[in-house]
Amino acid sequence: MQYIKNGKASADEWLHVGMEGELPEKGKLIATLARWQASRDQLLARKAPLGLRLASSESPELIRDDLGRLDLIALEFPIFRDGRAYSYARLLREQYGFQGELRAVGNVLYDQFSFMHRCGFDAYEVQKDVDAQRFARALSEFTVRYQPDPDGSPSAIQLRHQPHRNVKSAGNRP
Amino acid sequence: MYRYDEFDHAFVMERVAQFRDQVVRRLNGELTEEEFRPLRLMNGLYLQLHAYMLRVAIPYGVLSSRQLRKLADIATRYDRGYAHFTTRQNLQYNWPKLEDMPDILAELASVEMHALQTSGNCIRNITADQYAGVASDEIEDPRICGEILRQWSSLHPEFSFLPRKFKIAITGSPHDRAAIKLHDIGIVMVRNQAGDAGCEFWVGGGQGRTPVIAKCINSFVPKRDMLSYAEAILRVYNMHGRRDNIYKARIKILVNEIGIEEFSRQTDAQWSHIRNGALDVPAEEIARITAYFAPPAYETLQADPADFTQRRDADPAFAAWVRSNIAAHKIPGYAIVNISLKPIGGIPGDATDVQMHAVADLAERYSFDELRVTHEQNLTLADVRQSDLYDLWRALGEHGLATPNIGLVSDIIACPGLDYCALANARSIPVAQRISERFADLRRQHDIGDLKIKISGCINACGHHHVGHIGILGVDKKGTEFYQITLGGSADENASIGEILGAAFSYDEVVDAVEKVVDTYLKIRNGRDENFLTAVRRTGIAPFKDALYAVH
């Protein structure tokens, strides 16, 4: 498994914790939703960076009010064809304004990188090393996009009619 | 018709390169079949009973002559000299090889075509009324919104792994020839009180094992908002559609489970975040696309010119073809010509490479170089001068393409069935062929009048049996093919789901049963003006049930 952050292979400083086991005293932790619900006070008392891991059946709506306390959200792709987390990512970035790390975990493969990136993910736990090595290539397969991206990259429509635009706002018009 | 600009060209070329790489990675083992499957499906590549099947997208069913020639050439070069037009206005090759696939896609790209999203759990090719632009009751050409939606739906980053496939159909006319109420999203072009054209959205229709008529979710969405509204619907579906059971994963199940009011509320909540944003369709883009669908250079002609009417009156065979295969055109002196791909005893929707070349030549000569594929698996030349009809009819006849049976009992929709499909329980094509042969007498067909028979080889309903005036569903009973008959289905603006007549019939009995249904209709109808569907709706299925099952 390789960890990619902002397009580069990186050292992963985060530790995943589930329902089992003691919470380490120090260090960055990614807790499952169940652990968060069971050990919320202890997790917050650690005063260390905290992330939450959501299964594909767990909408970020469930933790919307807690986002201010969270530095990272990990969204699970249990199988290739379960695409719920693409929508969750967009909710987090575009509607909830989440600025922390958005990490794709689970069955994360080469042919999804571009879709994930375009939905707002900036970190990936990649299953196959060969996929991770070609991460940049995956993002460059297409120069044309028919949809505006949340990062402000323009769609073909926008480029056709405003070729010089430097789009940085994908949300509501002011 | 729409022509690719630099962005569209770059997109399909990049797509070809991407798929070429995916095939290489599959062939060298880097991708497992399980990993490759959703990728190839998204590219219209199925593994069927005997071979791969490639489904090519024909956006809203419109083709240029040049494109049809290319499709014919691909059939010659990479397949067995024929292809199959589908109920979603696409085209299928039944015998291509996996290693040829990237080259086939490159050939398609050279004529501005692709196979993207013709299968898989994504937004499928968008279908539309085959009479777009020429129907006299049209509010607005549905291909404009169709093209805008086609682009938006292509490799959508959020909606490429939906719970299940997602089909959109558009009609520009109140009279629905695109079966929009049997789609996940159906759009009717309408006018608001200010006179602006916009989209009436219907949601949650579908066939399969749970047939559902769509419900109206928004009676007027301005065109500039159509993408944000569609995106809101898709987002609610992507997050909340069921993924635990593929038979309950279509949007129709979600809409039924939470109710249209709640689904609408959630859609509006999502819409409020994205409306008036980057998804707005600018007026310049609507104008740019509309220009591609501007009417062709029609001549000022007299309606029903003498050289046409005299030949029609003199030649009964030509008159019969005119009666069934020609539809009224909005411009005087022009006609809409339907080319039947249902020769008596033939395979519904199949065309040979020679036939495709012939149609391409005739479209170039007589119909502004363009043709359409219908969801009923026929072809349409939309803009033919009435004075050319006789010559066109004779030329079509030379290629076996002048069967005068559009809308009649032998104009049958049939899925590929057990002859090709891995999912089928029973054969469909031979049943269609035998019914067609039983009713081979064209005078008898014309006497019976409008009658849509639709045949599916399994409950997935690709042959639209639920909405056939007579629907036939193939089922498997202990290893033997049986066929269940339904009556009274319809896919038009008064859509209805057919009612099951009774116990299923064997392969040997089913044609007799259909004939008995037709004979019963002929006995009970209130004159020739009462067509089959109207009669069934008036009497219910009782007289038919009695004729088929009662012990006399």
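Protein chains in written order, with the working numbering: chain A, 29 to 202; chain B, -17 to 534.
Ideal Cβ placement from N, Cα and C applies to all residues, glycine included.
Does DSSP classify residue 117(B) as helix, strand or coil?
coil
Just grab the DSSP bridge partners of residue 171(B) for me.
181(B)
Under 8 Å by Cβ, that's how I've got residue 70(B) and residue 357(B) pegged, so tell me the actual separation to the nearest angstrom.
About 7 Å separates the two Cβ atoms, so the contact holds.
Which parts of the region 282 to 346 of chain B are runs of the alpha helix (DSSP H), unbroken and 4 residues or longer, counting only runs that do not cross its ends?
288 to 296 and 298 to 307
To the nearest angstrom, how far is it from the Cα of residue 492(B) to the Cα of residue 397(B)?
17 Å
Residue nearest to residue 531(B) in terms of C-alpha spacing, selected from 471(B), 10(B), 494(B) and 379(B)
494(B)
Between which two residues does the alpha helix (DSSP H) holding residue 168(A) run?
Taken as a continuous stretch (DSSP letters only), residue 168(A) belongs to no alpha helix (DSSP H), as it is neither H nor E.
What ranges does the alpha helix (DSSP H) occupy inside the region 48 to 119 of chain B, keeping only unbroken runs of at least 4 residues that lie completely in it?
If we require 4 residues or more, the alpha helix (DSSP H) runs fully inside the region 48 to 119 of chain B come out as 83 to 91.
Quick one: any contact between the region 141 to 159 of chain A and the region 177 to 185 of chain B, if contact means 3 or more CB pairs under 8 Å?
no
For the beta strand (DSSP E) that contains residue 128(B), what are its first and last residues?
That residue, residue 128(B), is in no beta strand (DSSP E); its alpha helix (DSSP H) goes 124 to 135.
C-beta neighbour in chain A for residue 148(B), strict 9 Å:
no
Closer than 8 Å, Cβ to any Cβ of chain A: which residues of the region 68 to 87 of chain B, in chain order?
none
Mark residue 612(B) as exposed unless 16 or more other C-beta atoms lie within 10 angstroms of its C-beta, in which case mark it buried.
Because chain B here runs from -17 to 534, residue 612(B) falls outside it and cannot be looked at.
In chain order, which alpha helix (DSSP H) runs of at least 4 residues are fully inside the region 211 to 267 of chain B?
233 to 240 and 242 to 256
Excluding the 5 residues flanking residue 370(B) on each side, which residues of the same chain have their C-beta closer than 7 Å to its C-beta?
348
Contiguous alpha helix (DSSP H) assignments of at least 4 residues, all confined to the region 473 to 513 of chain B:
492 to 506
Taking C-beta pairs closer than 8 Å, name the residues in chain A that residue -7(B) reaches, listed in chain order.
Per Cβ cutoff of 8 Å: 170, 172, 174 and 184.
So, are the CB atoms of residue 256(B) and residue 122(A) less than 9 Å apart?
For residue 256(B) and residue 122(A), yes; Cβs fall inside 9 Å.
Pick helix, strand or coil for residue 202(A), following the three-state DSSP scheme.
Here residue 202(A) scores only 30 on pLDDT, less than 50, and its place in the model is too uncertain to base an answer on.
With a cut-off of 9 Å, does the C-beta of residue 195(A) fall near any C-beta of chain B?
Because the pLDDT at residue 195(A) is just 45, under 50, the model does not fix this residue reliably, and the value given afterwards should be weighed accordingly. Judged by the 9 Å Cβ criterion, residue 195(A) is in contact with chain B.
Can you find the residues in the same chain that come closer than 6 Å, C-beta to C-beta, to residue 142(B), ignoring five residues on each side of it along the sequence?
Here the set comprises 104.
So with CB distances below 7 Å, who are the chain B contacts of residue 123(A)?
255
Expressed to the nearest angstrom, what Euclidean distance is found between the alpha-carbon atoms of residue 519(B) and residue 383(B)?
33 Å
Out of curiosity, what's the CA-to-CA distance linking residue 212(B) and residue 163(B)?
Distance between residue 212(B) and residue 163(B), taken at the CA atoms: about 16 Å.
Separation of residue 174(B) from residue 147(A), as counted between CA atoms:
The C-alpha of residue 147(A) lies about 35 Å from the C-alpha of residue 174(B).
Close-in-space but distant-in-sequence residues of the same chain around residue 70(A) (CB under 8 Å, 5 per side omitted)
51
If you drop the 5 nearest sequence neighbours on each side, which residues of the same chain put their C-beta closer than 6 Å to that of residue 232(B)?
146 and 188
N-terminal and C-terminal residue of the alpha helix (DSSP H) that residue 91(A) is part of:
Careful: residue 91(A) lies outside any alpha helix (DSSP H) and carries neither H nor E.
Is it right to say residue 305(B) is buried, meaning 16 or more other beta carbons lie within 10 angstroms of its own, or is it exposed?
exposed
Can you tell me the Cα-Cα spacing of residue 75(A) and residue 39(A), whole angstroms?
Going from the Cα of residue 75(A) to the Cα of residue 39(A) covers about 22 Å.
Counted within 10 angstroms of its Cβ, other Cβ atoms place residue 533(B) as buried (16 or more) or exposed
With a threshold of 16 other beta carbon atoms within 10 Å, residue 533(B) falls short and is exposed.
What does the alpha-carbon distance come out to for the pair residue 547(B) and residue 271(B)?
No information on residue 547(B) is available, as it lies outside the stretch -17 to 534 that chain B covers here.
Against chain B, with Cβ distances strictly below 9 Å, would residue 29(A) count as a contact?
no
What span of residues does the beta strand (DSSP E) with residue 85(A) cover, start to end?
That residue, residue 85(A), is in no beta strand (DSSP E); it is neither H nor E in DSSP.
Would you mind listing the alpha helix (DSSP H) stretches within the region 367 to 408 of chain B that are 4+ residues and don't spill past its ends, in chain order?
371 to 380
Kindly list the residues whose CB is nearer than 8 Å to the CB of residue 144(B), restricted to its own chain and excluding five residues on each side of it in sequence; keep chain order.
103, 104, 105, 216, 219, 220 and 223
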